[in-house]
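In what follows, a structure is listed as structure tokens, so that the remarks can point back to it.
Residue numbers (the working numbering): 19 to 540.
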């Protein structure tokens, strides 16, 4: 029988413990609003006793986001009265509030962190739960560092706090020490005893990624009886991070027969949530990360592209649409095979060439791909036109679609504290067009100057720059997202000059819009 797995998101608490990732109240509210759209069951909104700012943020989330029955709002407390009061006074405004208490259970935590006996720590935990129960009916108790605890003491703690009134028992692998098989066995033993003790208590897990096994341990726990999982968006969190919400959810979704389980997550909001968290916290998602990485659904290998064109399931186990993307991305590079390149031409209505002609065009394509790294649709138009000009001369009936595209000729950017400015020269057909602008910074000025030339009502959504090599000749890679008439366009470019890379990326985006919206009917 398929069973529901409760999803507890701790991006706003454990995720915010990443150095430099602190959010303000507005940003926390926006993330919480998006988590609600994602349909997580529980939001851990912060650690209210840590600061007045965090207390107020949790309080606002409880009031504004927790004002409906479809989400539980909680926050973290140590097993001390002042912490529990801070959680209660901040989450009590939600329709479904929960107090979350954490206390260590391993010998290392009991003896070295607290310097107390096991019985003393056990009594502190029980008293904390009893006090929390006088404030709210729902109380979660986390047995910190459970994966390194003596099992019989761990169970003794669980038994005592359940009898004291805890409604959720959370088993953390606090330092990412566990291994999937042993963690699964631990959860199986606890689940077996817990169901005999009180079958209404939820069994939860919270796994860290220090050895890269947080997702695997979480999934092993689900297979062995865990009913609730604690995760973060993009797997962010203390040290190496937490179990990644999107990875756990999509594993359960994709392999539901194996896990005999489901979640209520609206998977189509996964990418929106990932991008929001990444943007607000300033934490880039590694490009090859499962589900939310830039390359998670991108295919550049010729072998893979050929297989995908023939049948999607040859190299794709998740439909990108399921997680909120438009479709799979076949990136045209020097590694792309003939089938992928020919298919790209055909999608643009350019399939009038013979096999021998295509072979010559493909040679030109490889030369361009080596130079440019990634080839866009507008590049394909230029390739075709240049080929026919080369073999047939200028007197032939050639469609000059490339006359609609923009090419960067030169740029000058002045950066200062008062009036950052930029001037650009672009080429369109045989015409050189010049534009100037000032902006709030050098990139804003540069993009404003380009927009003054191109006159497109498009909006820059995201701008990312990173170094892809080292030293004085390091390449800067720019990736941007722009919006035009409700559609999102992604473009990239690389150059040792980051201003040139920025301009090339922006012009690539503009030319992609030209292809889709402004070319004359073929």
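Heads up, the beta-carbon is just placed ideally off N, CA and C, and yes, glycines get one too. The structure presented is a predicted model; accordingly, all values stated were derived computationally and were not measured.
(request) Use the C-beta contact count for residue 84: other C-beta atoms within 10 angstroms, 16 or more gives buried, fewer gives exposed. (result) Buried, because 16 or more other Cβ atoms sit within 10 Å of the Cβ of residue 84.
(request) Can you tell me which of the three DSSP states residue 319 falls into? (result) At residue 319 the pLDDT is 47, less than 50, meaning the model places this residue with poor confidence and gives no usable figure here.
(request) Please determine if the region 177-187 and the region 155-162 are in contact, where contact requires at least 3 C-beta pairs separated by less than 8 Å. (result) Result yes; three or more Cβ-Cβ pairs closer than 8 Å.
(message) Run through the DSSP bridge pairs and tell me what residue 350 is partnered with.
(response) Beta-bridge pairing links residue 350 to 393.
(request) Sort out for me which residues DSSP pairs residue 360 with in a bridge. (result) As computed with DSSP, residue 360 is found in no beta bridge at all.
(message) Less than 8 Å between CB atoms is the rule here; does residue 359 satisfy it with respect to chain D?
(response) Protein chain content of the structure displayed is limited to a single chain, and chain D is not contained in it.
(message) Helix, strand or coil, according to DSSP, for residue 327 in the structure here?
(response) Here residue 327 scores only 48 on pLDDT, less than 50, and its place in the model should not be relied on; the value that follows carries that caveat. Here residue 327 sits in helix by DSSP.
(request) For residue 132, name the three-state secondary structure that DSSP assigns. (result) In the displayed model, residue 132 falls within coil according to three-state DSSP, outside both helix and strand.
(request) Given a cut-off of 8 Å, decide if residue 127 and residue 62 are closer than it, judged by their beta-carbon atoms. (result) The Cβ-Cβ distance between residue 62 and residue 127 does not fall below 8 Å.
(message) When you compare the CB positions of residue 343 and residue 362, do they come within less than 8 Å of one another, or not?
(response) No, these two residues do not count as a Cβ contact at 8 Å.
(request) Could you pull out every residue in the same chain whose Cβ sits closer than 6 Å to the Cβ of residue 95, ignoring the five residues on either side in sequence? (result) Taken in chain order, the residues that qualify are 101, 102, 105 and 119.
(message) Short of 8 Å in beta carbon distance, which residues of its chain neighbour residue 31, apart from the five on each side in sequence? Order them along the chain.
(response) Correct list, in chain order: 62, 63, 64, 65, 93 and 94.
(request) Measure the alpha-carbon distance for residue 175 versus residue 87 and round it to whole angstroms. (result) For residue 175 and residue 87, the distance between alpha carbons rounds to 31 Å.
(request) Put residue 100 into one of helix, strand or coil per three-state DSSP. (result) The DSSP-derived three-state label of residue 100 is helix.
(request) Let me know the secondary structure DSSP gives residue 55 once reduced to three states. (result) Here residue 55 sits in helix by DSSP.
(request) Out of 217, 54, 497 and 89, state which residue places its alpha-carbon closest to the alpha-carbon of residue 302. (result) Ranking the options by Cα distance to residue 302, first place goes to 497.
(request) Determine the DSSP secondary structure at residue 62, reduced to helix, strand or coil. (result) In the displayed model, residue 62 falls within a strand according to three-state DSSP.
(request) List the endpoints of the continuous beta strand (DSSP E) containing residue 507. (result) Residue 507: member of the beta strand (DSSP E) spanning 505-513, first to last residue.
(request) Just mark residue 115 as buried or exposed, buried being the case when its beta carbon has 16 or more other beta carbons within 10 Å. (result) Buried, by the Cβ-count rule.
(message) Pull the bridge partners of residue 428 from the DSSP assignment, please.
(response) DSSP output for residue 428 lists 443 as bridge partner(s).
(request) Tell me whether residue 369 is buried or exposed, calling it buried when 16 or more other Cβ atoms sit within 10 Å of its Cβ. (result) Per the 10 Å Cβ criterion, exposed.
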